[in-house]
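Peer 1: Here the sequence shown stands for residues -18 to -1, 1 to 655, numbered as in mature numbering (1 follows the signal peptide of the UniProt record, and there is no 0). For every residue, glycine included, the Cβ atom is placed at its ideal position computed from N, Cα and C.
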Amino acid sequence: MRPHFVLFFLCFPLFAKAQPLFVQTGEHENFTRVVIALPEGADWRMGRTAAGYRIDLMRQAEFDLGRFFALIPKRRIGDVSQIPARGVLDLAIVCDCHAVASEYLDRYLIIDVRDGPPGQNALFEDPLAITPQEDEEQRGRAFRVNLPALRSFYQPFEAVGDAARLPTEPDVRPASVRFNPASSGEIEDGTSLQETLTRSLARALSDGTVSSSLPKTSNISPKYDPISETYPGISVTSTQLTGLEPSPDMAQIADCPDGDLLAVETWGNSAPFHQQYRATAGAVFGDEPDKSEDTLPLIRLYLHFGFVAEARQLLNTGDMSSRAHQIARGIANVLEPVDDSSVFREMGECSSPAAMWSMLETPPVRVPDDTLRATILASFKALPLHLQSRVGPGLASAFMAVGDGDAAQQILTRTSADIAVQPALAIAKSDLIARESGPLLARDQLATAILQGGPVTPELLIRFFDLSAETQSAVPAETIAIADSLRFELGGDFLGQRLGDAQFNYALRLSDFALAGAVLSDPRVARSPDQIEAFKEAFAESATNRMTDEAFARFAFDDLRLPENPTVRENIASRLADLGFAERASEILGLRKTEAASDLRSAQPNAASTDDIPNLSPPSIDVEVSDGGSGVFASQTNRDMAIAESRTLIEASSTTRAEILQRLQELSLQENE
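#1: Residue 365: which of 448, 476, 255, 249 sits nearest, CA to CA?
#2: Ignore the nearest five residues each way along the sequence and tell me which others in residue 306's own chain have a CB closer than 7 Å to its CB.
#3: Answer with buried or exposed for residue 568, where buried requires no fewer than 16 other C-beta atoms within 10 angstroms of its C-beta.
#4: Can you tell me the Cα-Cα spacing of residue 372 and residue 241, whole angstroms?
#5: For residue 40, which three-state DSSP category applies?
#6: Check whether the Cβ atoms of residue 518 and residue 548 sit closer than 7 Å, and answer yes or no.
#7: Using 7 Å as the threshold, is the C-beta distance between residue 656 and residue 262 below it?
#8: Can you tell me which residues form a DSSP beta bridge with residue 35?
#9: Strictly under 7 Å for the Cβ-Cβ distance: is residue 256 near chain B by that measure?
#10: Report the three-state DSSP secondary structure of residue 453 (helix, strand or coil).
#11: Just to confirm the assignment, what range does the beta strand (DSSP E) spanning residue 659 have?
#12: I'd like to know whether the C-beta atoms of residue 443 and residue 465 end up nearer to each other than 7 Å.
#13: Distance, Cα to Cα, residue 312 vs residue 339?
#14: Do residue 47 and residue 91 have their C-beta atoms closer together than 7 Å?
#15: Can you tell me whether DSSP reads residue 540 as helix, strand or coil?
#16: Let me check understanding here. Comparing Cα to Cα, which of 488, 289, 450, 108 lies closest to residue 429?
#17: If we count Cβ pairs, one from each stretch, closer than 8 Å, do we get three or more for the stretch 345 to 362 versus the stretch 319 to 326?
#18: Would you grab the beta carbon distance between residue 96 and residue 82 for me? Rounded to a whole angstrom, and I think it's under 8 Å.
#19: Within 10 angstroms of its Cβ, does residue 120 collect 16 or more other Cβ (buried), or is it exposed?
#20: Could you tell me which of 37, 93, 314 sits nearest to residue 282, measuring between CA atoms?
#21: How about residue 553 and residue 526: are their beta carbons less than 7 Å apart?
#22: Checking 7 Å against the spacing of the C-beta atoms, do residue 375 and residue 424 come in under that value?
#23: Would you tell me roughly how many angstroms separate the C-alpha atoms of residue 515 and residue 565, rounded to the nearest one?
#24: Relative to the C-alpha of residue 54, which residue among 506, 363, 94 is closest?
#25: If you draw a straight line from the alpha carbon of residue 421 to that of residue 414, how long is it in whole angstroms?
#26: In or out: residue 76 buried (at least 16 other Cβ within 10 Å) or exposed?
#27: Alpha carbon to alpha carbon, how far is residue 556 from residue 563? Give it in angstroms, no decimals.
#28: In the DSSP assignment, what are the bridge partners of residue 65?
#29: Have a look at residue 30 and residue 89 and give me their C-alpha separation to the nearest angstrom.
#30: Who are the Cβ neighbours of residue 441 in its own chain at under 8 Å, not counting the five residues just before and after it?
#31: With burial defined as no fewer than 16 other Cβ atoms inside 10 Å of the residue's Cβ, what is the status of residue 479: buried or exposed?
#32: Hey, quick one: how far does the alpha helix (DSSP H) through residue 470 stretch, first residue to last?
#33: Taking only the alpha-carbon atoms, compute the straight-line gap between residue 392 and residue 361 and give it to the nearest angstrom.
#34: Considering Cα atoms alone, identify which of 52, 345, 357, 87 is closest to residue 378.
#35: Beta-carbon separation of residue 23 and residue 15 under 7 Å?
#36: Going by other Cβ atoms of all chains shown within 10 Å of its Cβ, with 16 needed for buried, is residue 487 buried or exposed?
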């Protein structure tokens, strides 16, 4: 019997090698990912073929392709085939795409088929011979990711029987309750734990929940020293991500808070709120509810459940200057903004949930690198589901703003259609539509959301007015009325100001001067003198270029409407001179009224004068909107002016515009001498 046992153990490795290699695929917005579980010690190479790309393991190996197209369409990879005798896998590419490859933990080969042609120095674009060549140059195309700053995130696996585990502290449990790999190496279906881990990690890699960054350059040596090779950086979607030790470069960021200060998912649990509230409030207040020294636990519980108003009420009482209270206040302001204060602005590069809150508070101007991106997504997925719905649309929009539609899609698929988040969800979806199909269809998405009768928020209207201005599409009168009502209700709130700004910009774009003037003169919206001046300049420039003659004359005779910018005032004066109002033009330019009037009258005997016009002073409310908006700045006092017969006076003027402008310039020079 003994020889039979010896023969069995000698043959067992051959049976193990004959087992097909696990292959997992995953579809993403900009690329299709293929993950192959490599046999131990395998080398590989990849290059171009006539049909696409070839992966060559340079050894006998069979690939498990039974579910290759189960999770991906055939829009990038049209077909797949293999040559088991040589360990060759052929991918037929049916798009304008290129492939990149990398190793992960020396055990997984990751191939990404990305949209677009390869770069100038792209790897894997050399033809790969049908007959494999065992030369070191081709072997050198197998490479590792070099991210030394993230070494602390990685610990190598240790083999223990059939299982693979991370090194841990010594096991001090009694032997009777310890896990025994030798006796527990199989699960119910007979699959080894090591194979189960292999398949699970391959799926995570293909889904993107475990990310391995590829280098941006292709300067890779054909030969490398595996001993001195740095470990690749990894980012894992896990609620424990915040507990990992930050990498050295991240630790240098002084503003990065500790992970527990942002672990919102740990500030509550799945028990009913009233039970948690009773326990937390009892611990905080005790028998003297008015004498609590630290309400932070209750504040955090409120934030965990999304009760921002209650959390803010506690934050506004007592001494809240600690780091933990500042962060709690910042989270509350992200969930329900009340001002434009910033707590997380400088934390965008932190290797903790601070990066996610920073992205929500201040959208980035560039795409986060793979590691930071994975950290943000992991932090989002660790939040309670109701908070995911609250922040998901905003986070998706932030990713969309930097062109990362794949991350936005991942976030939106986890965001529920709760009525409270419908407006934010509509905004995020419109951003996706704008990127894929243009702003006009994105505007239609928001218009549908508004007309459905659901909740309408200032943010939804702001985005709608912005897209309407961009596409020069008229906003229905009922929507303008809703926006006006919201603006009046918000009063001096910063959201009310933002909504007013959006209405103002839209109105100027579509030459609705009545609406623009009404928004600008709204006394509820507090603006600085510089902001008021900037708005006056924008209004005056649009009025000068697009107002009707009669409406423009009404505007130009009101000193309170005019900006101080000399260039803008000169343009106003030029058009007034063209209309025949020489005296008023000289006043706007700052010349002495008597000298300018006498000189200009001598130059143009038929020029119009305001002294010759009856004082009609029509109330602003009697002027139609289509006139260009004599009703603008209704809260300001209009000077007495009469221009009802301006058309007749203009036609009576015999002096050309050039002569008037020349005379104005001469008077200006005399005034300066």
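Peer 2: Once the coordinates are examined:
#1: Checking every option, the nearest Cα to that of residue 365 belongs to 249.
#2: Around residue 306, the same chain offers 243, 278 as residues with beta carbons nearer than 7 Å, after the five sequence neighbours per side are excluded.
#3: Only buried fits residue 568, as 16 or more other CB atoms lie within 10 angstroms of its CB.
#4: Looking at the two C-alpha atoms, the distance is approximately 21 Å.
#5: Looking at residue 40 - three-state DSSP - the assignment turns out to be coil, as it is neither helix nor strand.
#6: No.
#7: There is simply no residue 656 to check, as the chain begins at -18 and stops at 655 in what is shown.
#8: Residue 35 pairs with 30, 73.
#9: The structure shown contains no chain B; it is built from a single protein chain.
#10: When DSSP states are grouped into helix, strand and coil, residue 453 belongs to the helix group.
#11: What the structure shows of the chain is the stretch from -18 to 655, and residue 659 is not part of that stretch, so it cannot be assessed.
#12: For residue 443 and residue 465, yes; Cβs fall inside 7 Å.
#13: Distance between the alpha carbons of residue 312 and residue 339 is about 8 Å.
#14: Going by C-beta atoms, residue 47 is not nearer than 7 Å to residue 91.
#15: Assignment of residue 540 by DSSP, reduced to helix, strand and coil, places it in the coil class.
#16: Considering only 488, 289, 450, 108, the residue with the shortest C-alpha distance to residue 429 is 450.
#17: By the criterion of at least three beta-carbon pairs nearer than 8 Å, the stretch 345 to 362 is not in contact with the stretch 319 to 326.
#18: Rounded, the Cβ-Cβ distance is 7 Å, consistent with contact.
#19: The predicted position of residue 120 is uncertain, since its pLDDT is 38 and thus under 50; a value taken from the coordinates is nonetheless stated next. With 16 or more other Cβ atoms within 10 Å, it is buried.
#20: Nearest C-alpha to residue 282: 314.
#21: Going by C-beta atoms, residue 553 is nearer than 7 Å to residue 526.
#22: Contact: no.
#23: Here the alpha carbon of residue 515 sits roughly 25 Å from the alpha carbon of residue 565.
#24: Selected option, being the one with the closest Cα: 94.
#25: Spanning the two alpha carbons is a distance of roughly 10 Å.
#26: That one is exposed.
#27: Answer to the nearest angstrom: the Cα atoms are 10 Å apart.
#28: Residue pairing by DSSP puts residue 65 in a beta bridge opposite 70.
#29: Distance between the alpha carbons of residue 30 and residue 89: 23 Å.
#30: Cβ neighbours of residue 441 within its own chain (closer than 8 Å, five residues either side excluded): 405, 406, 409, 477.
#31: Counting every other CB atom within 10 Å of its CB across the protein chains shown gives residue 479 a total of 16 or more, marking it as buried.
#32: Counting along the chain, the alpha helix (DSSP H) containing residue 470 begins and ends at 459 to 472.
#33: Computed Cα separation, rounded: 13 Å.
#34: Between residue 378 and the set 52, 345, 357, 87, the nearest pair of CA atoms involves 345.
#35: Contact: no.
#36: Result: buried.
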